[in-house]
Amino acid sequence: MTKILAVDDSASMRQMITFTLKSAGYEVVEASDGVEGLSQAQQHKCDLVLSDVNMPNMDGIAMTRELRGLADYKYTPILMLTTESGLDKKTEGKNAGATGWIVKPFKPDQLLNTIKKVLG
Amino acid sequence: MSIELSQFFQVFFEESFEGLDVMESGLMSLDTENVDNEMINSIFRAAHSIKGGSATFGFSSVAEFTHVLETLLDEVRSETRGINTDMVDLFLQSVDCLRELLHGLQAEEPVDTARAKDLREKFEAYLDVAPGAEAESNGVAAPAGLGWNITFNPGEDILRTGNEPLRMFTQLAELGELTVETNISQLPAFSAITLENCYFTWQLTLMGKKVTREQIDEVFEWVVDECEIIVEPIVDEAASAAAATAAATVAAANAAVAAAQATAAVAPVAAVAPAAPVAAGQKKAEPGSIRVDIEKIDTLINMVGELVITQSMLGQIGADFTFDKVGKLQEGLQDLERNVQVLHESVMQVRMLPISFTFNRFPRMVRDLSRQLNKKIDLVVKGEQTELDKTVMEKIGDPLVHLLRNSLDHGIEKPEDRVKAGKPETGVVSLNAFHQGGNIIIEITDDGAGLPREKILAKARKNGIIGPDVGLTDEQIHDLIFQPGFSTADVVSDVSGRGVGMDVVRRNITELGGHVSVKSEEGVGSTFSISLPLTLAILDGQLVRVGDQVYIFPLVSIVESLSVDMKQVSTVAGASDLLRLREEYIPIIPLYDTFGIEPDSRRLESSLIVVVESDGVKVGLVVDELQAQQQVVIKSLETNYQSVEGVSGATILGDGTVSLILDIGGIVRLARGVAPLQVKAKAA
Chain L
0 MTKILAVDDS ASMRQMITFT LKSAGYEVVE ASDGVEGLSQ AQQHKCDLVL
50 SDVNMPNMDG IAMTRELRGL ADYKYTPILM LTTESGLDKK TEGKNAGATG
100 WIVKPFKPDQ LLNTIKKVLG
Chain S
0 MSIELSQFFQ VFFEESFEGL DVMESGLMSL DTENVDNEMI NSIFRAAHSI
50 KGGSATFGFS SVAEFTHVLE TLLDEVRSET RGINTDMVDL FLQSVDCLRE
100 LLHGLQAEEP VDTARAKDLR EKFEAYLDVA PGAEAESNGV AAPAGLGWNI
150 TFNPGEDILR TGNEPLRMFT QLAELGELTV ETNISQLPAF SAITLENCYF
200 TWQLTLMGKK VTREQIDEVF EWVVDECEII VEPIVDEAAS AAAATAAATV
250 AAANAAVAAA QATAAVAPVA AVAPAAPVAA GQKKAEPGSI RVDIEKIDTL
300 INMVGELVIT QSMLGQIGAD FTFDKVGKLQ EGLQDLERNV QVLHESVMQV
350 RMLPISFTFN RFPRMVRDLS RQLNKKIDLV VKGEQTELDK TVMEKIGDPL
400 VHLLRNSLDH GIEKPEDRVK AGKPETGVVS LNAFHQGGNI IIEITDDGAG
450 LPREKILAKA RKNGIIGPDV GLTDEQIHDL IFQPGFSTAD VVSDVSGRGV
500 GMDVVRRNIT ELGGHVSVKS EEGVGSTFSI SLPLTLAILD GQLVRVGDQV
550 YIFPLVSIVE SLSVDMKQVS TVAGASDLLR LREEYIPIIP LYDTFGIEPD
600 SRRLESSLIV VVESDGVKVG LVVDELQAQQ QVVIKSLETN YQSVEGVSGA
650 TILGDGTVSL ILDIGGIVRL ARGVAPLQVK AKAA
């Protein structure tokens, strides 16, 4: 089954994402910040990473940079969940190795469509 | 697939309130001279999460408001803007405003957005952004064409970000008929190839009349900045003339859509308008749920487990009972009693919350008030983990606020006066909570001016509270401030008003089964001390019998019980008899008169007197018999019947009879003839 890592410090966003993904038949691993995300990523081999940008301890951009350094995550799609639709965060994310982004707020359907886009 | 977002609302509200608490305490501790970046970051994150969540879950009023707040915070965070106390004030007001908005949304009540609008304007003044300037550009009409020519030069690094050209082509192929030509001219010599690089460029032809430029842009959305992408329409000459007309039509349609959206945006506001606006200020939603420590629940489950074992043991004994098993039966019943007692204590624990829930709002209050009063005051909070029953906690909030305001306003002196008195400029008010016996004690201490003994005395004499030449101890003088209508403030301030309320504070606390007292020394400071029962649901009671009625006295209010020596009783004409107990004269109240029932005996010497104390006043209550002491479960009279003066509640005794629990303060008031025993009309 396709496994997705969802990293967000907001419990309600995590719940919403997890529920949406599980309803669509994906397996979901959750984490509440970059540090936890990194350790979850190492424990589970995930096929896709969804990550919030702004989080305590380690933000999504730093986590992406770390993930790209891991052999298992060299080519894994990593999508940033961002409210900052401004170019700077997107560029920063891209430079760190992010595949793309989903701009918050998004609806469950939009999330699934975007995921289908990267998972094919 | 449609997913019901409302299932996530509760979690969203909870985390938003937590976020607001984080913002508030962060803002409170923010030193504007020397800004702590991590603090600003956590404040920003909290605002950011609330914005993200509220936008996702469709709470646009919150999302829009948080947006401006976040923008300003972001500028502070990225140090393009400094922060000053006025801004902190504005942020704090926004926290209040967001709380109000969220409480309203949570309760599904109409929300008053006037305050949010007002604050937004202030933020926008800071940001210098014209409100509503952001116009959304609607999709450009696609020129009528046969399809598109796309040149795609992804650059060598595209694979490193997890973007795959093949996936993009698959997406394009879903839009129309796709032809792909790969250009390998940039492929280096075999030895120079790095596996992770992409050396190809592509020439794509996508045929399809309905394919729009936006659909193509969306496919390349994430890579458009790094890659070279040229998209050109393949135009059908004959159709191009018609294109202009089509574009115009689409533009008109767009305008219509925009107008419809504008109407939709106004509609909810109009619907809200006739409803009463949510009461401004201190409206605090009382959540029907509490968070309970897992450990407490585990203890409960454990106890229930033991209860089940005991029950099955008793069941076995009962199934084939013979008299030689009486010993075992008694053992089992003892176990049962113990289990029930522990279970009872554990269940009560579930209702216990740390008093920090109440204390948390005080730092903010002290900050705001000290600014308003032009005083310098530090608040020290101790014992905030002390646990207290949720109901007691909810009811003690207001009296605490009142006492604290009082300490800030009347207690702590102005900075210049403090310096004159040889004290540090900054006053200290401390809040302390701790357990003592079966009670929780909350102390509010200030190092201010203390209670002015002479002023209080003069005022009390003037108001006729005490006679002109009654000698009083310091303690008794200080206690006068709890008398109705007492104020010593020279100037009435809008912070704590006319001193109205200390009597109300005492009344409220007494109603909770607690008491309040004050210790003070002029020039040194005052300490208000509140003692409260840990819970309101259970009471340690003394059962007493008068005639055929059994009443319950709260054990805490009983000083002593005695049989009367008539030599100690003096009769006063037109007033109640007095009992001389050591150095005090105590009025004797025959309960049979108060309640109009027939006692065993109306002769004092054959009755018992229970001396009880309330608010520092002692009275002797005449009863026929003292019965057992036991814990009783309090049933509210107000909920089940209506409030009755002199009675605080009722309980059901072991034999199934109902017994009234006496409110000693009320009995004292009754006996003083303040109000005859009558049923007070229930407040509508």
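Chains as they are written, first to last, in numbering that gives the first Met the number 0: chain L, 0 to 119; chain S, 0 to 683.
For every residue, glycine included, the Cβ atom is placed at its ideal position computed from N, Cα and C.
How is the beta strand (DSSP E) around residue i delimited, first residue to last?
i: Lys518(S); result: 514-520
i: Lys141(L); result: Outside the displayed span of chain L (0 to 119) sits residue 141(L), for which this structure offers no information.
i: Arg579(S); result: 577-580
i: Ser560(S); result: 557-562
i: Leu78(L); result: 77-81
i: Ser227(S); result: The amino acid occupying residue 227(S) in the given sequence is Glu; Ser does not appear at that position. Residues 227-233.
i: Arg119(S); result: Not the beta strand (DSSP E): Arg119(S) falls in the alpha helix (DSSP H), residues 113-126.
i: Asp51(L); result: 47-51
i: Leu177(S); result: 176-182
i: Ile551(S); result: 548-553
i: Asn152(S); result: 146-152
i: Lys381(S); result: 376-381
i: Ala30(L); result: 26-30
i: Thr204(S); result: 200-206
i: Leu531(S); result: 524-532
Rounded to whole angstroms, how far is the Cβ of residue i from the Cβ of residue j, which I believe are closer than 8 Å?
i: Ile77(L); j: Ser50(L); result: 7 Å
i: Lys374(S); j: Gly426(S); result: 7 Å
i: Leu745(S); j: Val631(S); result: Here chain S has residues from 0 to 683 only, and residue 745(S) is not among them.
i: Val117(L); j: Thr90(L); result: No, Val117(L) and Thr90(L) are not in contact; Cβ-Cβ is about 19 Å, not under 8 Å.
i: Gly24(L); j: Val6(L); result: Their Cβ separation, rounded to whole angstroms, is 20 Å, which puts Gly24(L) and Val6(L) out of contact at 8 Å.
i: Ala536(S); j: Ile633(S); result: 6 Å
i: Ala40(L); j: Leu4(L); result: 6 Å
i: Ile557(S); j: Val609(S); result: 6 Å
i: Leu399(S); j: Thr357(S); result: 6 Å
i: Ile316(S); j: Leu328(S); result: 5 Å
i: Asp623(S); j: Val568(S); result: Contact flag wrong, Cβ pair sits at about 17 Å.
i: Trp221(S); j: Phe151(S); result: Between Phe151(S) and Trp221(S) the Cβ distance is about 13 Å, and since that is not below 8 Å, they are no contact.
i: Cys226(S); j: Gly161(S); result: Not quite, the Cβ-Cβ distance comes to about 14 Å (not below 8 Å), so this is no contact.
i: Ala54(S); j: Leu68(S); result: So it is not a contact: roughly 13 Å between Cβ atoms.
i: Leu71(S); j: Leu126(S); result: 6 Å
i: Gly524(S); j: Gly449(S); result: 6 Å
i: Ser11(L); j: Gly52(S); result: 5 Å
i: Ile439(S); j: Leu533(S); result: 6 Å
Relative to the C-alpha of residue i, which candidate in the options has its C-alpha closest?
i: Gly573(S); options: Pro586(S), Glu424(S), Leu368(S); result: Pro586(S)
i: Glu386(S); options: Lys208(S), Gly410(S), Ile411(S), Ala432(S); result: Ala432(S)
i: Tyr550(S); options: Leu561(S), Leu590(S), Glu107(S), Leu603(S); result: Leu590(S)
i: Gly595(S); options: Pro362(S), Asp408(S), Gln548(S); result: Gln548(S)
i: Phe481(S); options: Ile464(S), Leu126(S), Asp468(S); result: Ile464(S)
i: Tyr640(S); options: Lys454(S), Gln626(S), Phe8(S), Leu659(S); result: Leu659(S)
i: Gln628(S); options: Arg668(S), Gly540(S), Arg601(S); result: Gly540(S)
i: Ser516(S); options: Thr534(S), Ile476(S), Asp111(S); result: Ile476(S)
i: Asp216(S); options: Leu205(S), Val230(S), Lys208(S), Met206(S); result: Val230(S)
i: His514(S); options: Glu520(S), Arg505(S), Leu313(S), Ala318(S); result: Arg505(S)
i: Val503(S); options: Gly522(S), Leu402(S), Ala457(S); result: Leu402(S)
i: Ser613(S); options: Asp564(S), Ala670(S), Thr472(S); result: Ala670(S)
Start and end of the alpha helix (DSSP H) containing residue i?
i: Arg98(S); result: 84-105
i: Gln348(S); result: 325-349
i: Gly51(S); result: 36-55
i: Phe12(S); result: 8-27
i: Ser369(S); result: 361-372
i: Leu118(L); result: 107-118
i: Gln41(L); result: 33-42
i: Glu510(S); result: 501-510
If we count Cβ pairs, one from each stretch, closer than 8 Å, do we get three or more for the region 10-19 of chain S versus the region 346-354 of chain S? no
Taking one C-beta from the region 16-29 of chain S and one from the region 91-102 of chain S each time, how about it: are there three or more such pairs within less than 8 Å? yes
Entirely enclosed alpha helix (DSSP H) segments - the region 608-662 of chain S, minimum 4 residues: If you keep only unbroken alpha helix (DSSP H) runs of at least 4 residues inside the region 608-662 of chain S, you get 636-639.
Beta strand (DSSP E) runs contained entirely in the region 392-454 of chain S, provided each spans 3 or more residues: 426-435, 438-445
State whether the region 95-111 of chain S contacts the region 56-66 of chain S, with contact taken as three or more CB pairs (one from each stretch) at a distance under 8 Å. Taking 8 Å as the limit for Cβ pairs, the verdict is that the region 56-66 of chain S does touch the region 95-111 of chain S.
Sufficient close CB pairs (3 or more, under 8 Å) joining the region 517-531 of chain S to the region 438-454 of chain S: yes
Are at least three pairs of beta-carbons, each pair with one atom in the region 171-178 of chain S and one in the region 202-212 of chain S, less than 8 Å apart? Enough Cβ pairs lie closer than 8 Å, so yes.
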